[in-house]
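Colleague: Chains as they are written, first to last, in my numbering: chain S, 7 to 296; chain L, 140 to 407.
Structure in structure tokens, see below.
Below, the structure is given as structure tokens:
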């Protein structure tokens with residue numbers, strides 16, 4: 007189990023995280039969402055024992071992530087947010103290095119499975135690899151060792167949509183094997199598909215920890231609407247609908263729960279264009295950002 | 140020391156070490172090839188003897204040492220200045236690349252995500268530094284043996300070997316304080332600036348201290364006082380104690396580096 011308790015870490019320039027607490031139960035997956043600079047990577051650095059907490063405690067399977075940082079790595083595999091490799095090695099050399107440092111017999115079968123799933127030529131020199139290829143190599147190195155806890159910092163950045171889909175499938179496979187997964191991202195869709203619970207962080211403060219199912223219950227429906235006349239726009243503004251102007255006579259209308267009130271208002275105006283937005287759950291998540 | 144990491148890091152540096160070794164051996168070949176011609180010309184000895192002591196200091200020739208021997212020639216032309224600066228620069232730059240640069244550019248993140256402790260990583264990096272330095276020193280000494288053999292120059296092989304051991308200990312000390320500064324600052328540019336600045340300051344103190352009797356006390360503040368190749372090659376000093384002292388200082392710095400790195404915050 008991952009347990010983060012009243013964790014605070016402030017950098018010299020003032021940024022950091024403040025008083026963060028959450029738990030990730032064994033065999034479950036936890037998504038950590040937030041905009042750039044919110045404190046996601048700082049939290050992960052504390053989980054990995056790269057930083058010492060100013061106060062509070064962070065443990066994995068009851069091992070302290072700072073004082074027992076070497077023992078923790080026997081349980082954990084990690085994918086950093088920004089990937090930097092020893093450029094003169096080939097992909098294969100790098101995978102052998104990571105496996106060797108984990109003191110395990112080389113997991114060739116597992117490695118080959120992930121190499122084939124992500125379609126990567128591991129005999130290429132790393133310095134000749136594209137960003138996407140490097141990202142795949144990092145993912146393979148984290149998954150091939152069969153660790154019980156996986157920590158990923160923005161794992162799909164640099165991957166094309168097809169490979170993002172493959173990655174999500176691989177993560178779901180790992181989840182079915184009973185692994186504990188902690189994944190940071192600012193892409194809501196991948197968290198939605200892979201995690202049971204989500205923590206939302208902004209400016210170093212944890213705003214909420216919710217089940218994806220809870221978020222679904224609270225989800226808003228969003229509609230894009232264009233009206234013909236100014237009088238229609240005035241009528242919309244006077245209504246009690248949650249109205250966000252986009253441009254001209256175009257508006258966003260957000261409705262939580264029943265749609266009766268929306269239909270009643272729309273019956274009084276001439277609608278030129280009406281469209282339902284598809285990322286309703288993301289809208290619920292975006293509420294925390296506003 | 141971690142074997143898998145050692146293999147991977149060593150692979151990164153082997154081409155560089157091979158290139159430097161080749162350069163050293165070729166330069167030594169040139170020096171040993173021209174020496175017999177110079178030695179046969181008495182005017183060269185006269186010129187060398189008439190040199191003011193200040194000029195001798197600048198070229199790394201000891202003030203009271205002979206100038207008509209191969210040892211004086213090879214010390215002045217290679218060991219006392221060119222070799223020492225080349226090896227010092229190699230040590231400073233490599234120590235920095237093995238630690239501060241890897242933290243700075245994030246390469247260390249993958250290494251520290253494995254169950255290998257920070258001190259074991261430091262020990263592995265020290266292993267790479269020591270082994271590559273040893274290879275360069277061995278190439279230097281063996282290259283010189285070969286050059287003198289081809290040019291039929293008689294040398295005392297044991298004294299050259301002693302210089303090799305002293306060189307390994309001396310360059311290790313420079314590498315260890317560079318590594319220590321890397322662990323202290325964990326920032327490539329600052330660590331490199333301080334390590335290079337410190338070495339240049341030691342070097343300047345050694346040169347300025349040799350310019351006149353009044354300033355000779357400055358040499359006592361420089362680590363270069365412990366690296367006198369001409370005296371070692373001529374057999375006027377035995378470097379055993381210096382070797383042991385330098386090695387002890389390097390081991391102490393290695394220990395301190397591990398302690399400092401173990402507790403550093405790493406933003407990787």
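Glycine is no exception: its CB is placed at the ideal position from the N, C-alpha and C atoms.
By the DSSP assignment, the beta strand (DSSP E) with residue 62(S) in it spans what residues?
Modeller: Unbroken beta strand (DSSP E) run through residue 62(S): 61-66.
Colleague: For chain B, is any of its Cβ atoms less than 8 Å away from the one on residue 54(S)?
Modeller: Going by chain labels, chain B is absent from the structure shown, which instead holds the protein chains S and L.
Colleague: Considering only the beta carbon of each residue, do residue 26(S) and residue 13(S) sit closer than 8 Å?
Modeller: Against a cut-off of 8 Å, the Cβ pair of residue 13(S) and residue 26(S) comes out as a contact.
Colleague: Could you tell me which whole alpha helix (DSSP H) segments of length 4 or greater appear in the region 382-407 of chain L?
Modeller: The qualifying runs do not exist here; there are none.
Colleague: Take residue 137(S) and list the residues in its own chain whose beta-carbon comes closer than 7 Å to its own, dropping the five residues that flank it on each side.
Modeller: For residue 137(S), where only same-chain residues beyond five positions count, the Cβ hits under 7 Å are 164.
Colleague: With a floor of 3 residues, list each beta strand (DSSP E) that falls wholly inside the region 234-289 of chain L, ordered by position along the chain.
Modeller: Taking only runs of at least 3 residues, no beta strand (DSSP E) segment lies wholly in the region 234-289 of chain L.
Colleague: Which complete alpha helix (DSSP H) runs does the region 288-345 of chain L hold, if anything under 4 residues is left out?
Modeller: 296-324, all fully within the region 288-345 of chain L.
Colleague: Given 8 Å as the limit, is there contact between the region 211-229 of chain L and the region 147-167 of chain L, that is, 3 or more CB pairs closer than that?
Modeller: Touching, per the Cβ criterion.
Colleague: Which class does residue 375(L) belong to by DSSP, given the choice of helix, strand or coil?
Modeller: DSSP places residue 375(L) in coil when its eight states are reduced to three.
Colleague: For residue 368(L), name the three-state secondary structure that DSSP assigns.
Modeller: Helix at residue 368(L).
Colleague: Can you give me the start and stop residues for the beta strand (DSSP E) that residue 154(S) sits inside?
Modeller: Segment: none, residue 154(S) is in no beta strand (DSSP E) and carries neither H nor E.
Colleague: Identify every run of the alpha helix (DSSP H) within the region 196-229 of chain S, keeping only runs that are complete inside it and at least 4 residues long; order them along the chain.
Modeller: Entirely contained in the region 196-229 of chain S, the alpha helix (DSSP H) runs reaching 4 residues are, in chain order, 218-223.
Colleague: Chain L partners of residue 76(S), CB-CB under 7 Å?
Modeller: In chain order: 254 and 256.
Colleague: What are the boundary residues of the beta strand (DSSP E) that residue 282(S) is part of?
Modeller: Here the beta strand (DSSP E) through residue 282(S) covers 277-282.
Colleague: Could you name the residues of the same chain whose beta carbon sits closer than 6 Å to that of residue 247(L), not counting the 5 residues immediately before and after it, in chain order?
Modeller: Closer than 6 Å at the Cβ level, and outside the excluded window around residue 247(L), lie 241 and 407.
Colleague: According to a CB-to-CB cut-off of less than 9 Å, which residues of the region 100-126 of chain S neighbour chain L?
Modeller: Taking 9 Å as the Cβ-Cβ cut-off against chain L, the residues of the region 100-126 of chain S that qualify are 100, 102, 103, 104, 105, 106, 107, 108 and 109.
Colleague: Only counting the same chain, and skipping five residues up and downstream in sequence, which positions put a Cβ closer than 6 Å to that of residue 141(S)?
Modeller: Around residue 141(S): 164 and 165.
Colleague: Got a sec: is the Cβ-Cβ distance from residue 217(L) to anything in chain S below 8 Å?
Modeller: No, its Cβ sits nowhere closer than 8 Å to a Cβ of chain S.
Colleague: I want to verify the contact list: residues of chain S whose CB lies under 8 Å from the CB of residue 150(L), in sequence order.
Modeller: Within 8 Å Cβ-Cβ: 94, 95 and 99.
Colleague: Over what stretch of residues does the beta strand (DSSP E) that includes residue 37(S) continue unbroken?
Modeller: First-last of the beta strand (DSSP E) with residue 37(S): 35-39.
Colleague: Going along the chain, which residues of its own chain have a beta-carbon closer than 6 Å to the beta-carbon of residue 281(S), five neighbours each way excluded?
Modeller: So the list reads 230, once near-sequence residues are dropped.
Colleague: Please list the residues of the region 206-239 of chain L that have a C-beta atom closer than 9 Å to any C-beta atom in chain S, keeping them in chain order.
Modeller: The region 206-239 of chain L vs chain S, Cβ under 9 Å: nothing.
Colleague: Restricting to Cα atoms, I'd like to know which of 236(L), 142(L) and 388(L) is closest to residue 316(L).
Modeller: Checking every option, the nearest Cα to that of residue 316(L) belongs to 388(L).
Colleague: If you pair each beta-carbon of the region 378-385 of chain L with each one of the region 295-306 of chain L, do three or more pairs fall below 8 Å?
Modeller: Short answer: they touch.
Colleague: In whole angstroms, what separates the C-alpha of residue 314(L) from that of residue 229(L)?
Modeller: In a straight line, the C-alpha of residue 314(L) is about 9 Å away from that of residue 229(L).
Colleague: Based on Cα-Cα distance, which residue from 77(S), 169(S), 155(S) and 93(S) lies nearest to residue 122(S)?
Modeller: Residue 122(S) has its Cα closest to that of 169(S), out of 77(S), 169(S), 155(S) and 93(S).
Colleague: Find the residues of chain L that neighbour residue 91(S), judging by a C-beta separation of less than 8 Å, and give them in chain order.
Modeller: Residues of chain L passing the Cβ test: 246 and 249.
Colleague: Residues of chain S with CB under 9 Å from residue 340(L), in chain order?
Modeller: Going along chain S, no residue has its Cβ under 9 Å from residue 340(L), so there is no contact; the nearest lies around 29 Å.
Colleague: Name the residues in the region 258-283 of chain S whose C-beta lies less than 8 Å from a C-beta of chain L; which are they?
Modeller: Against chain L - using a Cβ distance shorter than 8 Å - the region 258-283 of chain S contributes no residues.
Colleague: Just to make sure I have the definition right: I need the residues of chain L whose C-beta is within less than 8 Å of the C-beta of residue 86(S). Which are they?
Modeller: Near residue 86(S) (Cβ distances below 8 Å), the residues of chain L are 245, 248, 249, 252 and 407.
Colleague: Quick check on residue 223(L): does DSSP put it in helix, strand or coil?
Modeller: Of the three classes helix, strand and coil, the one that applies to residue 223(L) here is helix, per DSSP.
Colleague: Taking buried to mean at least 16 other C-beta atoms within 10 Å of its own C-beta, is residue 238(S) buried or exposed?
Modeller: Per the 10 Å Cβ criterion, buried.
Colleague: Report the start-end ranges of each beta strand (DSSP E) in the region 92-180 of chain S that is 3 residues or longer and not cut off at the edges.
Modeller: Segments of the beta strand (DSSP E) lying fully in the region 92-180 of chain S: 155-159.
Colleague: Just the Cα atoms here: how many angstroms apart are residue 207(S) and residue 310(L)?
Modeller: Going from the Cα of residue 207(S) to the Cα of residue 310(L) covers about 49 Å.
Colleague: So with CB distances below 8 Å, who are the chain S contacts of residue 329(L)?
Modeller: Going along chain S, no residue has its Cβ under 8 Å from residue 329(L), so there is no contact; the nearest lies around 14 Å.
Colleague: Scan the region 57-69 of chain S for residues whose Cβ lies nearer than 8 Å to a Cβ of chain L and list them as they occur along the chain.
Modeller: If the cut-off is 8 Å between Cβ atoms, the region 57-69 of chain S has 57 and 58 near chain L.
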